[in-house]
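Chemist:
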Amino acid sequence: MKIKDHFLSQEIFEIKETETQGVYKTSPIPSNISKYYESEDYISHHQDSGSLKEKLYKFLQSFNLQYKKTILLDRIPKNSKVLDYGCGAGEFVKYIENDFEVFGFEPDADARKAATGKLSKAVILDNIDTIEDHSLDAITLWHVFEHIENQDEMLEIFNRKLKQNGILIIAVPNPTSYDAKHYKEYWAAYDVPRHVYHFSKNGMENLISKKPNWKLRKIKPLILDSYYISMLSEKYQKSSLFWLKAMIFGTISNVKALFSNEFSSLIYIIEKK
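In this note's numbering, each number is its position in the sequence shown, counted from 1, plus 393.
#1: What is the residue span of the alpha helix (DSSP H) that Ala581 lies within?
#2: Can you round the beta-carbon distance between Ile532 and Lys554 to whole angstroms, since I take them to be within the 8 Å contact cut?
#3: Could you spell out where the alpha helix (DSSP H) holding Tyr488 opens and where it closes?
#4: Relative to the C-alpha of Lys594, which residue among Tyr430, Asp618 and Val565 is closest?
#5: With DSSP run on the structure shown, which of helix, strand or coil describes Ile541?
#6: Keeping to the same chain, check which residues put their C-beta closer than 7 Å to that of Glu542; ignore five residues upstream and five downstream.
#7: Are there 16 or more other CB atoms within 10 angstroms of the CB of Ser746, so buried, or fewer, so exposed?
#8: Roughly how far, in whole angstroms, is the beta-carbon of Asp572 from the beta-carbon of Ser646, given that I think they are within contact range, below 8 Å?
#9: Around the Cβ of Ser437, are there at least 16 other Cβ atoms within 10 angstroms (buried) or fewer (exposed)?
#10: Please classify Leu453 as buried or exposed, where buried requires at least 16 other C-beta atoms within 10 Å of its C-beta.
#11: Inspect the beta-carbon positions of Ile396 and Thr411 and report whether they are closer than 9 Å.
#12: Helix or strand or just coil, what does DSSP make of Phe496?
#13: Would His536 and Ser658 qualify as a contact pair, given that the criterion is a beta-carbon distance under 9 Å?
#14: Within this structure, are the beta carbons of Gly335 and Met597 separated by less than 9 Å?
#15: Does Asn567 come out as helix, strand or coil in the three-state DSSP assignment?
#16: For His591, write down the residues that DSSP places opposite it in a beta bridge.
#17: Rounding to the nearest angstrom, what Cα-Cα distance links Asn457 and Leu617 in this structure?
#18: Compare the C-beta of Tyr621 with all C-beta atoms of chain B and state if any pair is closer than 9 Å.
#19: For the 8 Å Cβ check, are there 3 or more pairs between the stretch 502–517 and the stretch 471–487?
#20: What do you get for His439, buried or exposed, if any count of 16 or more other CB atoms within 10 angstroms of its CB means buried?
#21: State the CB to CB distance for the pair Ser600 and Phe656, rounded to an integer number of angstroms; the pair is presumed to be in contact (CB under 8 Å).
#22: Hey, Ile562 and Leu534: beta-carbon distance below 9 Å or not?
#23: Quick check on Ala515: does DSSP put it in helix, strand or coil?
#24: The beta strand (DSSP E) spanning Tyr478 covers which residue range?
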């Protein structure tokens, strides 16, 4: 499938299935990939503008943050040691820092600065080598894993940093969801070339099953993602009334997923053996 970078460059990329069935990779991956992140819109929520749009975003974000924290609390006790890998501007780290001993890793200097300014207890890192091996109870990647090209290497590192029976939580978009099939090449969550990999539910299950050190324990949905992704997809199509259409198709996607489990984004809860 050929996909345009609707967000920034307007360049065309191709998505090809890898040797793991259901896992796809963007081709080619630019050597100067950092330039494809150079947009104020990509970090638009690092600062609170006070606009109605920003307030609505923050309101909905609070539901997502609580949902994510609940997933952690269902798996590990309070005061456990947690790494949020690819923490961005640190919203999740800030939200859970009073419940856990929290580290955030973020490679982007501007995002690290924004995150650090929000925190009172948690620590933001630019290198996770400083974290002691076998010391973490959980590692979370909220829409980060799809950006990582050296995934096998990173899974080995995560395995080394986690305690026995530690939890790895990976949330990624699902290209076999209804909204992905509806919007096709305009589906915003393809987000090429920033999203290097694309995982169907079957694809992530296949990937984890090949890793002897990991066990997939549960899959949960990110309900609100269908609305946000549909909104961006409608904007890429230059639709009028894009907010209304996003609500309609986002809702259809979620209703269908109640029966198929193919939600717009899925959370994979994986245990270290």
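For each residue, glycine too, the CB sits at the ideal point set by N, CA and C.
Modeler: In terms of the structure at hand:
#1: No alpha helix (DSSP H) holds Ala581; DSSP gives it neither H nor E.
#2: 7 Å
#3: Glu484 to Ile489
#4: It is Val565 whose Cα lies nearest to the Cα of Lys594.
#5: coil
#6: Here Glu542 has Ile422 and Val589 as same chain residues with Cβ atoms under 7 Å from its own Cβ, once five neighbours each way along the sequence are excluded.
#7: Coverage of the chain is limited to positions 394 through 666, which leaves residue 746 absent and any answer about it impossible.
#8: 4 Å
#9: Legend: pLDDT at Ser437 = 44, less than 50; position of this residue unreliable, value from coordinates given subsequently. Burial call: exposed.
#10: exposed
#11: Cβ atoms of Ile396 and Thr411: not closer than 9 Å.
#12: strand
#13: yes
#14: The structure shown has nothing for residue 335, since the chain only spans 394 to 666.
#15: coil
#16: Tyr417
#17: 8 Å
#18: Of the chains in the structure shown, none is chain B; there is only one protein chain.
#19: yes
#20: Its pLDDT being 46, under 50, His439 is placed unreliably by the model, and nothing is read from it.
#21: Checking the displayed sequence, the identity of residue 600 turns out to be Leu instead of Ser. That belief does not hold up - the Cβ atoms of Leu600 and Phe656 are roughly 18 Å apart, past 8 Å.
#22: Contact check for Ile562 against Leu534 passes: the beta carbons are separated by less than 9 Å.
#23: coil
#24: Lys474 to Tyr478
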